[in-house]
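K.L.:
Okay, handing you the structure first.
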Amino acid sequence: MSSINFKVICTILIFSFSSQLSFCAKNDRTMEVLISDVFNLANKQYSSLAKLVYQQDGKIPRATDPFGKLTTSNADWWTSGFFPGSLWYIYEYGKDSAMLNYAHKFSKRIENEKFTTNNHDVGFMLYCSFGNGYRLTADKTYSEVIVTASNSLITRYRPIIKSIQSWDKDKTFNCPVIIDNMMNLEMLFRASKFTNDSKYKNVAVNHANTTIKNHFRKDFSTYHVIDYDLTDGHIIKKATAQGYADESAWARGQAWGLYGFTLCYRETKDSKYLKQAEGIAKFILNHPNLPADGIPYWDFNAPNIPNAPRDASSAAIIASALIELSGFVGNKDALIYKTLAEKILRSLSSPAYLAKNGTNGGFLLMHNVGNMPNNYEIDSALCYADYYFLEALLRYKAKYIQ
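FYI, the numbering for the sequence shown is 395 to 796, going by my numbering.
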């Protein structure tokens with residue numbers, strides 16, 4: 395197991411000290427109080443948001459537009475599972491029966507996506523919603539949805555490349571596999587546990603192994619897209635669809651990789667996944683363009699740093715992953731991971747990123763970047779930013795407070 399060098403430790407401790415000074419007036423709460431405050435706000439925001447959107451047939455809260463107004467999606471949009479997932483997390487914290495009712499209702503609203511086979515996002519859709527629903531209720535109808543969705547997902551497995559194809563072939567890509575796809579593997583691991591059938595786990599492991607082999611550079615930064623030729627499996631190109639450039643480090647891509655390999659280690663205890671997760675963590679921790687408050691720019695190589703937009707969604711995913719990763723490593727590295735995760739959570743819980751009640755379209759976090767190259771959801775609220783923020787707070791509470 396590798397350790398983080400002395401320079402990084404000093405850097406993190408200096409960041410921590412400066413953060414304490416910066417937020418001393420507004421963010422000097424204990425983490426227990428901070429978590430309580432955020433979930434109290436979340437209950438207010440999401441109760442109003444759920445009530446409003448439930449009146450709109452089939453719609454799911456998605457983001458905010460350039461004017462700060464709420465936007466919604468249909469069930470088939472890739473983010474549809476995050477809002478019900480957040481409802482489950484808010485219920486988990488507060489045990490509010492009204493929140494439980496809405497969590498069930500919005501989960502059911504997207505249930506038919508279990509038959510989705512035309513893209514890889516079924517894992518995002520169904521595991522964030524039905525996966526959490528099953529975890530908190532043990533409702534067997536929810537586990538059945540997970541298995542059906544997993545059967546849909548593995549139809550996209552391509553044996554010649556030993557990976558799950560992300561998007562269908564188009565004029566840009568032949569067989570694209572994106573780093574985001576790592577996030578769908580948790581559902582496959584769960585399906586194998588539900589069914590005692592290893593086929594789902596085998597697909598997940600093969601996909602993870604192929605991703606290690608082909609997605610990552612020597613410094614543990616990741617490409618966004620690897621495009622394969624399905625006739626013989628060779629790589630056509632390594633590219634990006636949402637980062638600044640093909641060779642840049644798109645922030646949310648690094649977050650997906652960190653989170654994905656951490657969960658792969660949890661599910662398999664294969665040391666190569668822990669090594670990969672730690673390598674990605676160190677890339678983030680050591681990067682000279684990581685701001686002092688821990689909230690990354692939308693791309694680590696964005697051309698207009700320090701004036702580039704920040705991405706709170708990437709920070710939330712990183713924090714959640716680091717908290718889990720801290721439980722798999724030695725004490726010294728665990729402290730470093732915890733320190734950065736807590737710094738991020740304190741930053742996100744400060745007025746700089748956390749919206750006031752009744753604002754931000756009903757969401758929690760401000761200053762997220764959805765898709766910069768295509769110029770949408772820039773400096774907006776995003777449903778998945780809130781989801782991983784709430785998850786990270788719950789993980790912190792479970793590991794370090796209770």
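Heads up, the beta-carbon is just placed ideally off N, CA and C, and yes, glycines get one too.
As the structure is a computational prediction, the values presented were derived from the model and not from experiment.
Could you pull the start and end residues of the beta strand (DSSP E) that Glu-771 belongs to?
P.N.:
Counting from 1 along the sequence shown, the entry for residue 771 is found at position 377. First-last of the beta strand (DSSP E) with Glu-771: 770 to 774.
K.L.:
With distances taken from CA atoms, which of Leu-547, Pro-553 and His-514 is nearest Ile-573?
P.N.:
Locating residue 573 in the sequence shown gives position 179, where the first residue counts as 1. Of the listed residues, the one whose Cα sits closest to Ile-573 is His-514.
K.L.:
Exposed or buried, which one is Gln-439 when buried takes at least 16 other CB atoms within 10 Å?
P.N.:
Here residue 439 is taken as the residue at index 45 of the sequence shown, counted from 1. Classification of Gln-439: buried, given that the 10 Å Cβ count is 16 or more.
K.L.:
Could you name the residues that DSSP lists as bridge partners for Thr-765?
P.N.:
By 1-based counting over the sequence shown, the position of residue 765 is 371. The sequence as given places Asn at residue 765; Thr does not occur at that position. Bridge partners of Asn-765: Tyr-770.
K.L.:
Mind checking who Trp-644 pairs with in its DSSP beta bridge?
P.N.:
Here residue 644 is taken as the residue at index 250 of the sequence shown, counted from 1. Note: Trp-644 sits in a beta bridge opposite Asp-693.
K.L.:
Given a cut-off of 8 Å on the beta-carbon distance, is the pair Glu-785 and Met-425 in contact?
P.N.:
The residue you call residue 785 lines up with position 391 of the sequence shown. The residue you call residue 425 lines up with position 31 of the sequence shown. In this structure, Met-425 does not lie closer than 8 Å to Glu-785 by Cβ.
K.L.:
Measuring straight from C-alpha to C-alpha, what distance separates Gly-756 and His-628?
P.N.:
Residue 756 sits at position 362 when you count from the first residue of the sequence shown. Residue 628 sits at position 234 when you count from the first residue of the sequence shown. Their Cα atoms are separated by approximately 46 Å.
K.L.:
Note down, in chain order, each residue of its chain lying with its Cβ closer than 7 Å to the Cβ of Ser-501, except the 5 sequence neighbours on either side.
P.N.:
As a first step, residue 501 is located in the sequence shown; it is residue number 107 there, counting from the start. Cβ within range, chain order: Pro-478, Ser-523, Phe-524 and Gly-527.
K.L.:
How about Leu-719 and Leu-734: are their beta carbons less than 8 Å apart?
P.N.:
Position 325 of the sequence shown holds residue 719. Position 340 of the sequence shown holds residue 734. In this structure, Leu-734 does not lie closer than 8 Å to Leu-719 by Cβ.
K.L.:
Is the distance from the Cβ of Thr-604 to the Cβ of Ile-554 below 8 Å?
P.N.:
As a position in the sequence shown, residue 604 is number 210, starting the count at 1. As a position in the sequence shown, residue 554 is number 160, starting the count at 1. No; because the gap between Cβ atoms is not below 8 Å, this pair is not in contact.
K.L.:
How long is the line joining the alpha carbons of Gly-654 and Gly-637, rounded to whole angstroms?
P.N.:
Indexing the sequence shown from 1 puts residue 654 at position 260. Indexing the sequence shown from 1 puts residue 637 at position 243. Using only the alpha carbons, I get a separation of about 19 Å.
K.L.:
Expressed to the nearest angstrom, what Euclidean distance is found between the alpha-carbon atoms of Asn-568 and Ile-620?
P.N.:
Counted from its first residue, the sequence shown places residue 568 at position 174. Counted from its first residue, the sequence shown places residue 620 at position 226. So the two alpha carbons sit approximately 10 Å from each other.
K.L.:
Just to confirm my understanding: we take Ala-728, look at its own chain, exclude 5 residues before and 5 after, and list those with CB closer than 6 Å. What are they?
P.N.:
Start at 1 with the first residue of the sequence shown, and residue 728 comes out as number 334. If we look at Ala-728 and ignore the five residues flanking it on each side, its Cβ neighbours are Ser-720.
K.L.:
Please go through the same chain and pick out, in chain order, the residues whose beta-carbon is closer than 6 Å to the beta-carbon of Ser-592, but skip the five residues on each side of it.
P.N.:
As a position in the sequence shown, residue 592 is number 198, starting the count at 1. Cβ within range, chain order: Ser-586.
K.L.:
Cα separation between Arg-552 and Lys-607?
P.N.:
For the purposes of this step, residue 552 is taken as the residue at position 158 of the sequence shown. For the purposes of this step, residue 607 is taken as the residue at position 213 of the sequence shown. C-alpha separation (whole angstroms): 16 Å.
K.L.:
With C-beta atoms as the reference, is Thr-465 less than 8 Å away from Thr-473?
P.N.:
Position 71 of the sequence shown, counted from the start, is the residue given in the question as residue 465. Position 79 of the sequence shown, counted from the start, is the residue given in the question as residue 473. It is not a contact, given that the beta carbons lie outside the stated cut-off.
K.L.:
Report the CB separation of Ile-484 from Ser-467 in whole angstroms; it is logged as a contact under 8 Å.
P.N.:
Translated into positions along the sequence shown, residue 484 becomes position 90. Translated into positions along the sequence shown, residue 467 becomes position 73. Rounded, the Cβ-Cβ distance is 20 Å, inconsistent with contact.
K.L.:
Relative to the C-alpha of Thr-510, which candidate in Leu-494, Asp-533 and Leu-547 has its C-alpha closest?
P.N.:
To locate residue 510, count along the sequence shown from 1; it is residue 116. Of the listed residues, the one whose Cα sits closest to Thr-510 is Leu-547.
K.L.:
Near Tyr-539, what residues of its chain come up, given a Cβ to Cβ distance below 7 Å and the 5 sequence neighbours on each side ignored?
P.N.:
For the purposes of this step, residue 539 is identified with residue 145 of the sequence shown, where counting begins at 1. According to the sequence as given, residue 539 is Val; it is not Tyr. Result list for Val-539: Glu-505, Lys-508, Leu-520 and Phe-524, in chain order.
K.L.:
Do you know offhand how far Phe-610's Cα is from Gly-651's?
P.N.:
Position 216 of the sequence shown, counted from the start, is the residue given in the question as residue 610. Position 257 of the sequence shown, counted from the start, is the residue given in the question as residue 651. C-alpha separation (whole angstroms): 9 Å.
K.L.:
Can you look up Tyr-622 in the DSSP assignment and give me helix, strand or coil?
P.N.:
To locate residue 622, count along the sequence shown from 1; it is residue 228. In the structure shown, Tyr-622 sits in a strand (DSSP, three-state: E or B).
K.L.:
Enumerate in chain order the residues of its own chain whose CB-to-CB distance from Asn-575 is below 6 Å, with the five nearest sequence positions on each side excluded.
P.N.:
One-based indexing of the sequence shown puts residue 575 at position 181. Cβ neighbours of Asn-575 beyond the five flanking positions: His-514, Ile-558 and Ser-560.
K.L.:
State the start and end residues of the unbroken alpha helix (DSSP H) segment that holds Ile-484.
P.N.:
Translated into the one-based positions of the sequence shown, residue 484 becomes position 90. Per DSSP, Ile-484 belongs to the alpha helix (DSSP H) from 476 to 488.
K.L.:
Could you tell me which whole alpha helix (DSSP H) segments of length 4 or greater appear in the stretch 709 to 761?
P.N.:
Those alpha helix (DSSP H) runs which fall completely within the stretch 709 to 761 and span 4+ residues are 725 to 742.
K.L.:
Decide if the stretch 693 to 713 is in contact with the stretch 762 to 769; the criterion is three or more beta carbon pairs, one per stretch, under 8 Å apart.
P.N.:
Contact holds: three or more Cβ-Cβ distances are below 8 Å.
K.L.:
Quick one, which of Arg-646, Lys-632 and Gly-647 has its alpha-carbon nearest Asp-640's?
P.N.:
Residue numbering aside, residue 640 sits at position 246 when the sequence shown is read from its first letter. Checked all of Arg-646, Lys-632 and Gly-647; the closest Cα to Asp-640 is Lys-632.
K.L.:
Can the beta-carbon of Arg-789 be found less than 8 Å from the beta-carbon of Ser-714?
P.N.:
As a position in the sequence shown, residue 789 is number 395, starting the count at 1. As a position in the sequence shown, residue 714 is number 320, starting the count at 1. Yes, they are a contact pair.
K.L.:
What does the alpha-carbon distance come out to for the pair Phe-722 and Ser-480?
P.N.:
On the sequence shown, position 328 is the one that residue 722 refers to. On the sequence shown, position 86 is the one that residue 480 refers to. Approximately 26 Å, taken between the alpha carbons.
K.L.:
Roughly how many angstroms lie between the CA atoms of Val-800 and Tyr-782, to the nearest whole one?
P.N.:
The chain is shown only over 395 to 796; residue 800 falls outside these bounds and no answer can be derived.
K.L.:
When the Cα of Phe-461 is compared with those of Ala-775, Ala-598 and Phe-614, which residue comes out closest?
P.N.:
The count along the sequence shown starts at 1 and reaches residue 461 at position 67. The shortest Cα separation from Phe-461 among Ala-775, Ala-598 and Phe-614 belongs to Ala-775.
K.L.:
Starting from Ala-639, follow the beta strand (DSSP E) in both directions and report where the run begins and ends.
P.N.:
Walking along the sequence shown from the start, residue 639 turns up at place 245. Careful: Ala-639 lies outside any beta strand (DSSP E) and carries neither H nor E.
K.L.:
Within a Cβ cutoff of 7 Å, which residues of the same chain sit near Lys-499, ignoring the five residues on either side of it in sequence?
P.N.:
Residue numbering aside, residue 499 sits at position 105 when the sequence shown is read from its first letter. Hits under 7 Å: Tyr-448.
K.L.:
On the three-state DSSP scale, how would you describe Ser-615?
P.N.:
The residue given as residue 615 occupies position 221 in the sequence shown. The answer is coil: DSSP assigns Ser-615 none of H, G, I, E or B.
K.L.:
Per DSSP, Val-571 forms a beta bridge with which residues?
P.N.:
Working through the sequence shown from its first residue, we reach residue 571 at position 177. Paired residues: Ile-620.
K.L.:
Could you tell me the alpha carbon to alpha carbon distance between Lys-676 and Gln-450, rounded to whole angstroms?
P.N.:
As a position in the sequence shown, residue 676 is number 282, starting the count at 1. As a position in the sequence shown, residue 450 is number 56, starting the count at 1. The alpha-carbon atoms of Lys-676 and Gln-450 are separated by roughly 44 Å.
K.L.:
Taking the C-alpha atoms as reference points, what is the distance between Val-599 and Ala-746?
P.N.:
For the purposes of this step, residue 599 is taken as the residue at position 205 of the sequence shown. For the purposes of this step, residue 746 is taken as the residue at position 352 of the sequence shown. Their Cα atoms are separated by approximately 39 Å.
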